[in-house]
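Below is one structure, written out as structure tokens; the observations come after it.
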Amino acid sequence: MGIKGYLAFFLTIIFFSGVFSGTDSWWRVFDFSVLKGSFGQLPGANGATTSFRGAGGAGAKDGFLFALELAPSVILSLGIISITDGLGGLRAAQQLMTPVLKPLLGIPGICSLALIANLQNTDAA
């Protein structure tokens, strides 16, 4: 593993961190929340708008639409982690993050990117 793995790990951490979400320049393309985007609003009665999930739903139908809403962000984050793995970023994460995560959480450092992506995806809705 060379500098490419460490660079891939560092850039992936920045991508999922949200550092560039508040900027108005072209740097926003390096932010996960900007790339995943958002769904538009549907026109409702009396000029009100609503999302495609609607309001006040419950049960399996609402759960299915919620899962459908999360699918694009999960697919994007797994794709980014797969690219990082191909570039050697997960091996760099294992070397750099194991001394930190093992005493704190009891997990190896290779789990760090998956942990970050999972925390980011729970904020997707």
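Heads up: the sequence shown runs through residues 4 to 128, numbered per the numbering used here. Ideal placement from N, C-alpha and C gives every residue a C-beta, glycine not left out.
Sorted by chain position, which residues of the same chain lie with C-beta nearer than 7 angstroms to Ala128's C-beta, five sequence neighbours on each side aside?
Below a pLDDT of 50, predicted positions are generally treated as unreliable, and Ala128, at 49, falls in that range; the measurement from the model is reported next regardless. For Ala128, where only same-chain residues beyond five positions count, the Cβ hits under 7 angstroms are Phe69, Glu72 and Leu73.
Output the distance between the C-alpha atoms of Ser24 and Lys39, rounded to the nearest integer angstrom.
Their Cα atoms are separated by approximately 12 angstroms.
When DSSP labels each residue in this structure, what does Pro102 get in the three-state scheme?
Reduced to three states, the DSSP call for Pro102 is helix.
What three-state label does DSSP hand Ala128 in the structure shown?
For Ala128, the predicted model reports a pLDDT of 49, less than 50, meaning its position is unreliable; a value from the coordinates is still stated below. Ala128: coil per DSSP, three-state reduction.
Taking the alpha helix (DSSP H) that Ser28 falls in, what are its first and last residues?
For Ser28, no alpha helix (DSSP H) encloses it, and the DSSP letter there is neither H nor E.
With a floor of 4 residues, list each alpha helix (DSSP H) that falls wholly inside the segment 45-98, ordered by position along the chain.
62-89, all fully within the segment 45-98.
Just to check my reading of the structure: Ala11 and Leu79 have Cβ atoms closer than 8 angstroms, yes? What is that Cβ distance to the nearest angstrom?
Not a contact, Cβ separation roughly 16 angstroms.
Could you check which residue in Ile83, Pro46 and Gln98 has the C-alpha nearest to that of Ala117?
Selected option, being the one with the closest Cα: Ile83.
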